[in-house]
Amino acid sequence: MAKNTDWMPTRRHEQLAMAKNWASLFATKGTAWEIDTGETMILNTKITKAEEVMKIAQSSERTDSTTALLNMRFKDLCDFMRFLRQRKFYKPLMTDADFIDLGLKIPDTIKTTVPAPTDIARGSIELTIRYVLTVKHEIIESPHSDARANHGVRVNYGVVAGDPAAQAAVTGKHYYLAASPHSPDQLAADEFTRRKRHAIAFPAEDSGKTAWFALRVENGKGGKGPWGEMFSAIIP
Numbered sequence: 012m013a014k015n016t017d018w019m020p021t022r023r024h025e026q027l028a029m030a031k032n033w034a035s036l037f038a039t040k041g042t043a044w045e046i047d048t049g050e051t052m053i054l055n056t057k058i059t060k061a062e063e064v065m066k067i068a069q070s071s072e073r074t075d076s077t078t079a080l081l082n083m084r085f086k087d088l089c090d091f092m093r094f095l096r097q098r099k100f101y102k103p104l105m106t107d108a109d110f111i112d113l114g115l116k117i118p119d120t121i122k123t124t125v126p127a128p129t130d131i132a133r134g135s136i137e138l139t140i141r142y143v144l145t146v147k148h149e150i151i152e153s154p155h156s157d158a159r160a161n162h163g164v165r166v167n168y169g170v171v172a173g174d175p176a177a178q179a180a181v182t183g184k185h186y187y188l189a190a191s192p193h194s195p196d197q198l199a200a201d202e203f204t205r206r207k208r209h210a211i212a213f214p215a216e217d218s219g220k221t222a223w224f225a226l227r228v229e230n231g232k233g234g235k236g237p238w239g240e241m242f243s244a245i246i247p
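Rendered as structure tokens:
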């Protein structure tokens with residue numbers, strides 16, 4: 012079962028207790044927190060209306076219309092509390108102690124450090140349709156693997172052509188190689204993907220030529236993992 016991360020209590024009596032606590036705190040700290048008197052009055056009014064209907068709902072006088080009204084009143088109260096939480100509760104006007112008094116989690120203002128990837132992306136090729144090579148990858152975890160560091164995979168590739176300049180003039184592509192590469196740095200074309208299968212379409216003129224690939228794990232913070240082993244396939 013998924014863990015509930017919402018700050019709003021799920022039970023009505025707890026929602027009402029939180030709202031009353033807020034109203035009490037607003038009476039003493041509202042000015043310092045820049046909570047308007049009118050907003051405090053609105054909160055108190057919504058608390059009163061919700062409480063009135065709740066008392067009827069807990070009595071023998073409860074009807075279907077009472078249930079509908081109860082749902083509406085508490086939704087109205089919770090929506091206003093969410094508005095206050097989003098628009099009014101912020102630092103530096105509020106301290107960590109203030110957030111605790113309000114029954115809220117202390118805002119995390121410290122950015123989480125995302126480490127550089129250490130895992131290796133191992134690739135293979137899947138043939139699907141003509142002129143297309145589909146690059147598949149699997150992540151080989153290192154001893155210091157950290158899933159937070161892996162945002163996707165960088166695919167570098169190039170195509171071996173007898174005369175790179177002449178082939179580039181025909182296709183307009185600039186990823187051609189005179190011979191098989193010795194390093195991923197020689198592969199001029201690159202694409203980033205978050206998918207396990209990434210299709211790359213080549214010009215018809217590249218059909219029958221050998222394409223070389225190298226993969227590495229990267230993240231949005233600029234972190235780059237080690238290159239995996241290069242591999243190749245003939246473009247269909």
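Counting along the sequence shown from 1, when you hit position 160 you're at 171 in the numbering used here, and nothing is skipped either side.
Even for Gly, the Cβ is constructed at its ideal location relative to N, Cα and C.
Quiz item: Beta carbon of G236, beta carbon of A108: below 9 angstroms?
Solution: no
Exercise. Starting from the C-beta of A38, find all residues in its chain whose C-beta is less than 8 angstroms away, skip the five residues before and the five after it, and write them out in chain order.
Key: T51
Quiz item: How big is the Cα-Cα spacing for I246 and A127?
Solution: 33 angstroms
Exercise. Count the other CB atoms, across all protein chains shown, that sit within 10 Å of the CB of L188; report buried if there are 16 or more and exposed otherwise.
Key: buried
Practice problem: With DSSP as the reference, please indicate the residues paired to V324 in a beta bridge. | Solution: The structure shown does not extend to residue 324, since the chain is modelled only from 12 to 247, so the question has no answer here.
Self-check item: Stretch-stretch touch, CB-based, cutoff 8 angstroms, three pairs: the stretch 96-105 with the stretch 207-227
Solution: no
Quiz item: How about A30 and L115: are their beta carbons less than 9 angstroms apart?
Solution: no
Quiz item: First and last residue of the alpha helix (DSSP H) that includes V181?
Solution: 175-182
Self-check item: Selected residue, minimal CA-CA separation from I53, among R84, E25, D112, S71
Solution: R84
Quiz item: If you drop the 5 nearest sequence neighbours on each side, which residues of the same chain put their C-beta closer than 8 angstroms to that of E229?
Solution: P128, H162, G163, V164, R165, F203, K235, G236
Quiz item: From Q26 to D47, what distance separates their C-alpha atoms?
Solution: 22 angstroms
Quiz item: Are the beta-carbon atoms belonging to F224 and Y168 less than 9 angstroms from one another?
Solution: yes
Quiz prompt | Rounded C-alpha distance that separates L80 from E62 | solution = For L80 and E62, the gap between their C-alpha atoms comes out near 11 angstroms.
Quiz item: Are the beta-carbon atoms of K220 and V170 separated by less than 9 angstroms?
Solution: yes
Self-check item: L138 in three-state terms, based on DSSP
Solution: strand
Quiz item: Between D130 and L36, which are expected to be in contact by the criterion C-beta below 8 angstroms, what is the C-beta distance as a whole number of angstroms?
Solution: The pair is not a contact, with the Cβ atoms about 48 angstroms apart (cut-off 8 angstroms).
Quiz item: Between K99 and W44, which are expected to be in contact by the criterion C-beta below 8 angstroms, what is the C-beta distance as a whole number of angstroms?
Solution: 7 angstroms
Quiz item: Which value, in whole angstroms, describes the spacing of the CA atoms of D196 and H185?
Solution: 14 angstroms
Quiz prompt | Where G49 falls, given that 16 or more other Cβ within 10 Å makes a residue buried | solution = Exposed, because fewer than 16 other Cβ atoms sit within 10 Å of the Cβ of G49.
Quiz prompt | When A177, K57, D90 are compared against P20, the one with the closest alpha-carbon | solution = D90
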